[in-house]
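Student:
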């Protein structure tokens, strides 16, 4: 693992960058250091897991294709120990691969090639979302047989608890705040991801699919051409 210094930017937050292509990893690290972050680097699966456990980063930028074991397994192992936002980098555009990444705990993804400006914006957006979640009060939301504990960030449908990723939890909470109201994909993208690129609406769709898989296909209603509504009863 390489350690790179950071500035006094966003509370000197620590980011772990994992990519076996050293040039890409160093370019990402340089941009994030310029944004004021402290950056650690790892270039294979085992080193990434060790770095995440030792350094307790505030966010992980994680490539899918890695030696040792791949980024999906890295994400799975990291999230088993501690919830941390993960931005996955992938050269694959197939939606199935993206869904697998989201399913193991990734919060967002970027397809290579990407611009450093967009990557930095996504990192800032994910961290702002974490900050907003930490500021919420210790209330609960109950809609039908769905119960959301905002303080402990836990979710039940009926008597069954569902294990959600941080982003899935925030998306579900946003929908539950206005049950049965239709929220546009673009609005959800701005509220949860904190960015408004129309191409990112696929991320909303992918996370809704994950929520249906974990909580029931009848929970979230699709309004074609518009967005989604929570229909728990």
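Numbering (our numbering), first residue to last: 216 to 448. Here a beta-carbon is modelled for each residue, glycine too, at the ideal position from N, C-alpha and C. Bear in mind that the values here come from a model prediction, so they are computed numbers and not experimental data.
Based on the DSSP output, what are the partners of residue 369 in its beta bridges?
Tutor: As a working note, residue 369 is residue 154 in the chain shown. DSSP output for residue 369 lists 364 as bridge partner(s).
Student: Can you grab the Cα-Cα spacing for the pair residue 435 / residue 274, in whole Å?
Tutor: Start at 1 with the first residue of the chain shown, and residue 435 comes out as number 220. Start at 1 with the first residue of the chain shown, and residue 274 comes out as number 59. Spanning the two alpha carbons is a distance of roughly 29 Å.
Student: What's the gap between the Cα of residue 439 and the Cα of residue 266?
Tutor: The residue you call residue 439 lines up with position 224 of the chain shown. The residue you call residue 266 lines up with position 51 of the chain shown. Approximately 43 Å, taken between the alpha carbons.
Student: Please tell me whether residue 302 and residue 333 are closer than 8 Å, where the distance is taken between their beta carbons.
Tutor: Here residue 302 refers to the residue found at position 87 when the chain shown is read from its first residue. Here residue 333 refers to the residue found at position 118 when the chain shown is read from its first residue. No, Cβ-Cβ distance for residue 302 and residue 333 is not below 8 Å.
Student: So residue 296 and residue 268 are supposed to be a Cβ contact under 8 Å. How far apart are they, rounded?
Tutor: Your numbering for residue 296 matches position 81 in the chain shown. Your numbering for residue 268 matches position 53 in the chain shown. Yes, they are in contact, since the Cβ atoms of residue 296 and residue 268 sit about 6 Å apart, within 8 Å.
Student: For residue 257, which residues does DSSP report across the bridge?
Tutor: Sequence index remark: in the chain shown, residue 257 carries index 42 (1-based). Looking at the DSSP assignment, residue 257 forms a beta bridge with 233.
Student: What is the rounded straight-line gap between the Cα of residue 399 and the Cα of residue 443?
Tutor: Sequence index remark: in the chain shown, residue 399 carries index 184 (1-based). Sequence index remark: in the chain shown, residue 443 carries index 228 (1-based). Computed Cα separation, rounded: 7 Å.
Student: Taking the beta carbon of residue 240 as the centre, do at least 16 other beta carbons fall within 10 Å, making it buried, or is it exposed?
Tutor: In the chain shown, counting from the first residue as 1, residue 240 sits at position 25. Classification for residue 240: buried.
Student: Let me check understanding here. Comparing Cα to Cα, which of 262, 270 and 271 lies closest to residue 288?
Tutor: The count along the chain shown starts at 1 and reaches residue 288 at position 73. Nearest C-alpha to residue 288: 262.
Student: Taking DSSP as the reference, what is the three-state secondary structure of residue 427?
Tutor: Here the question's residue 427 lines up with position 212 in the chain shown. Helix, per DSSP.
Student: Considering only residues of the same chain and omitting the five flanking positions on each side of residue 224, which have a CB-CB separation below 7 Å?
Tutor: Here the question's residue 224 lines up with position 9 in the chain shown. Low local confidence applies: a pLDDT of 46 at residue 224 is under 50, so the model's placement there is unreliable, and no value is given.
Student: If you reduce the DSSP assignment to three classes, tell me which class residue 442 lands in.
Tutor: Residue numbering aside, residue 442 sits at position 227 when the chain shown is read from its first letter. Three-state DSSP puts residue 442 in a strand.
Student: Where does the unbroken alpha helix (DSSP H) through residue 250 begin, and where does it stop?
Tutor: The residue you call residue 250 lines up with position 35 of the chain shown. Premise fails: residue 250 is in no alpha helix (DSSP H) and is neither H nor E.
Student: Identify the continuous beta strand (DSSP E) that holds residue 299 and give its terminal residues.
Tutor: Indexing the chain shown from 1 puts residue 299 at position 84. Neither: residue 299 is in no beta strand (DSSP E) and is coded neither H nor E.
Student: So what does residue 389 bridge to, in DSSP terms?
Tutor: Residue 389 sits at position 174 when you count from the first residue of the chain shown. None; residue 389 has no bridge partner.
Student: Between which residues of its own chain and residue 237 is the CB-CB distance below 8 Å, once the five residues before and five after are set aside?
Tutor: In the chain shown, counting from the first residue as 1, residue 237 sits at position 22. Cβ neighbours of residue 237 beyond the five flanking positions: 258.
Student: Which residue wins for smallest C-alpha separation from residue 347, given the options 375, 381, 331 and 323?
Tutor: The residue given as residue 347 occupies position 132 in the chain shown. Selected option, being the one with the closest Cα: 381.
Student: Can you check DSSP and say which residues form a bridge with residue 437?
Tutor: As a first step, residue 437 must be located in the chain shown, where it is residue number 222. Per DSSP, 443.
Student: Taking the DSSP output, what are the residues bridged to residue 356?
Tutor: On the chain shown, position 141 is the one that residue 356 refers to. Partner(s): 363.
Student: Could you tell me the distance, in whole angstroms, from the CA atom of residue 345 to the CA atom of residue 390?
Tutor: Locating residue 345 in the chain shown gives position 130, where the first residue counts as 1. Locating residue 390 in the chain shown gives position 175, where the first residue counts as 1. Their backbone Cα atoms lie some 17 Å apart in a straight line.
Student: On the three-state DSSP scale, how would you describe residue 264?
Tutor: In the chain shown, the residue the question calls residue 264 occupies position 49. Helix.
Student: Under DSSP, the alpha helix (DSSP H) around residue 401 begins and ends at which residues?
Tutor: The sequence position of residue 401 within the chain shown is 186, counting from 1. Note, residue 401: alpha helix (DSSP H), 400-403.
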